[in-house]
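For the sequence shown, UniProt numbering begins at 1 and goes up steadily by one.
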Amino acid sequence: MTPRGNTLGGATSPYLRQHADNPVHWQQWGAQALAEAAERDVPILLSVGYAACHWCHVMAHESFESADVAAVANAHFVCIKVDREERPDLDAVYMAATVGLTGQGGWPMTCFLTPDGRPFFAGTYYPKDAFLQLLSAVEQTWRERRDEVERASDGIAGELRAMAGGLPGGPALQPALCDDAVAAVLRDEDRRHGGFGRAPKFPPSALLEALLRHHERTGSGLDAVQRTCETMARGGIYDQLAGGFARYSVDDAWVVPHFEKMLYDNALLLRVYAHWARRTGNPLARKVADETARFIIDELGDGGMFASSLDADADGAEGSTYVWTPAQLRDVLGDDDGAWAASLFGVTEAGTFEHGTSVLQLRADPDDPVRFAGVREALLAARARRVQPGRDAKIVTAWNGLAITALAEAAVALGRPGYLDAATECARALLGLHLVDGRLRRASLGGTVGDSAGILEDYAALATGLLTLYQLGGDWLPEASALLDTALDHFADADGRWFDTADDAEALVLRPADPLDGATPSGAALVTEALQLAAHLTSEQRYATAAAASLAAATSILDRAARSGGHWLAVAEAAVRGPLQIAVACDPNDSELLTAARALAPGGAIVVGGRADSTELLAGRDRVGGRDAAYVCRGRVCDLPVTTAQDLAAALSRAV
């Protein structure tokens, strides 16, 4: 069989399109590529990455654009390129193999598979010479020692299936379990720089949200949130000029980021900073939440929805758009303002990054806000004239669902109705494009939806977003319920466990089912949050039963690996409180009491407003003496109604 040429030109993934001109004969994952490998009797070279990945670009330039590499790869392999963001199921399976074989993972991921998809060798980035040697060694082993390859691939596949077993039993879900989990998390806190563990440091979004909810129940944990949120917001990981967070920091102090900006990070962090702002009124929290929301809308907005990421590189150089020297500051601002800005932003002659450049930090608020605003505007204008990072315009369902929730919550926290409008527009556009014949698709590009099926996190994150919009007056309950019904029918196991792919999805070496948080919360934790909300908004017993079973199956994570279960902890904190429900009998378009309820509600609480019997939670509940009335409930037990914000605050303080 004659090998096909490079077929990535028609892909819906910008990452795959980046490789469409490679001399390597890349194909997309699918039955045709696997059949070609079987017919030619050659192994598969699987390369997995994503558009904003710096080292993916490096390996592409060194190896995949090389005629020498292409000659070997095309002759002896079927070469498949995968966007991990478009096919997280494939990424999960082969990353598990990579970590199991090498002890570490990362992207680009490089795997060698049998024609039926069993891995037998894996790694990450390889320089060109090493990669050529590896290709030659794998080809020779495949040709001369096939029996060893078959035994190895069988063994690895078996180990992967064994690793995918269910969670061990855990303790009952009680407030004490949450307390112990928080204590375990806080033992790993870096009390000097914030965050948990050592460099590289990733923003611990789910843990921060959980700690805020824990604080609202117990009064403890807020200091850790404030330390981490403040040091991140003042460090280089945060864009001090335009807002928005980079993917992670390479150092302990959040100074030097890996410069890619991801939608999911910024959506998750927006939720945290909005919650912090709503709970404390902290000016820095409000500022960062506002700027991050604007970054999502202005920089990632695309047809009402939100694009996936901005690249780490610009014109082949990592971070070049964002870093400065003292001389560059003086060139833009003049000597006086340039020196002032260098001091304010921590820009030194030695530099904090490469080649004497510095990442901007803002370790203290400027003493002259008017002067600072002018400096910031001038630097932004100068930065806009630089080569800008690439933009991955792919629309991912789950990440847009996270953005819907975050923008809606930010609208409440900051009093910005425009953010609610943006969230609502996103929900409409997403459902209009990504919901096909009642099932979600994972991603789209330029208004064309891709073929990849939605996974659990897509259904879960979008359902949570829709339920959040419903609580703010949108008519989204039928759509959210339909998504959850599909999740229960196609992703749930009988014992409270969740699979990440549907029961009718493509069969892989194993069916992914990872309950731990990664770069985003696990699909299982996300769907449990959505089910918990829906159970109280609809009184649908199926949702309540599934949420309880899911939490019961995951308590071992809180008991043994709390740092890897931040979103589980957030959901559990809400669960042990009931979760709290606040139903306000009122005109939902004109009620100071409803506004107060939304501001006062703890994270994970459910708040609805409307006229008597207009929603499930307002059944039989009306205004009192002609005044708006708030009913605070825990489970199915409700306090007497209150009619003032002060009495509502007191009622909530008792509901612990």
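Idealized CB from N, CA, C, for every residue including glycine.
- Taking every protein chain shown into account, the CB of His-19 has 16 or more other CB atoms within 10 angstroms, so this residue is buried.
- Annotated three-state conformation of Trp-324 is strand, per DSSP.
- The shortest CA-to-CA distance from Ala-71 to any of Trp-254, Ser-136, Ser-249, Asp-613 is the one to Ser-136.
- A check of alpha carbon separations from Ala-406 across Ala-460, Arg-441, Gly-465, Pro-521 identifies Gly-465 as the nearest.
- Between the alpha carbons of Gly-301 and Ala-408 lies a gap of roughly 15 angstroms.
- If you look at Cys-53, you'll find it isn't in any alpha helix (DSSP H); DSSP assigns it neither H nor E.
- Exposed is the label assigned to Thr-102, since fewer than 16 other Cβ atoms lie within 10 Å of its Cβ.
- DSSP places Lys-394 in the coil class of the three-state scheme, outside both helix and strand.
- Spanning the alpha carbons of Leu-380 and Thr-321 requires a straight line of approximately 10 angstroms.
- In the three-state reduction of the DSSP assignment, Trp-26 falls in the strand class.
- In this structure, the beta-carbon distance from Leu-310 to Pro-203 does not fall below 8 angstroms.
- In terms of Cα proximity to Asp-252, the closest of Ala-242, Glu-260, Arg-191, Thr-218 is Arg-191.
- Leu-207 and Gln-32 have their C-alpha atoms some 42 angstroms from each other.
- In the structure shown, Asp-485 adopts helical secondary structure according to DSSP, grouped into three states.
- Residue ranges of uninterrupted alpha helix (DSSP H) with 4 or more members, entirely inside the segment 316-377 and ordered along the chain, are 326-333, 335-345.
- Judged by DSSP secondary structure, Gly-100 falls within the alpha helix (DSSP H) whose first and last residues are 88-102.
- Contact check for Gly-523 and Leu-467: beta-carbon distance about 16 angstroms, past the 8 angstroms limit, so the pair fails to qualify.
- Between Pro-515 and Ala-554, the C-beta spacing is below 8 angstroms.
- In the structure shown, Glu-189 falls within a strand segment according to DSSP collapsed to helix, strand and coil.
- The continuous alpha helix (DSSP H) containing Lys-287 extends over residues 283-300.
- For the pair Thr-124 and Pro-108, the Cα-to-Cα distance works out to about 5 angstroms.
- Phe-245 is bridged by DSSP to Tyr-238.
- In the structure shown, the three-state DSSP call for Cys-229 is helix.
- For Leu-533, the enclosing alpha helix (DSSP H) starts and ends at 523-538.
- The three-state reading of DSSP puts Tyr-15 in helix, counting H, G and I together.
- Per DSSP, the continuous beta strand (DSSP E) segment holding Asp-83 begins and ends at 78-83.
- If you check the CB distance, Leu-484 and Leu-526 do not come in under 8 angstroms.
- For the pair Arg-198 and Asp-154, the CB atoms are not nearer than the 8 angstroms cut-off.
- Contact between Val-69 and Arg-40 is ruled out by a C-beta separation of about 19 angstroms, above the 8 angstroms threshold.
- Relative to Glu-230, the option among His-193, Met-262, Asp-239, Leu-241 whose CA is nearest is His-193.
- Secondary structure of Gly-474 (DSSP, three-state): coil.
- The segment 372-387 makes contact with the segment 320-336; the number of CB pairs closer than 8 angstroms reaches 3 or more.
- Two segments are said to touch when three or more pairs of C-beta atoms, one from each, lie closer than 8 angstroms; by this definition the segment 216-231 does not touch the segment 324-335.
- The count of Cβ pairs closer than 8 angstroms, one atom from the segment 588-604 and one from the segment 212-226, reaches three, so the stretches are in contact.
- The beta-bridge partner set that DSSP reports for Asp-313 consists of Glu-318.
- Counted as a single uninterrupted DSSP element, the alpha helix (DSSP H) harbouring Thr-555 occupies residues 541-560.
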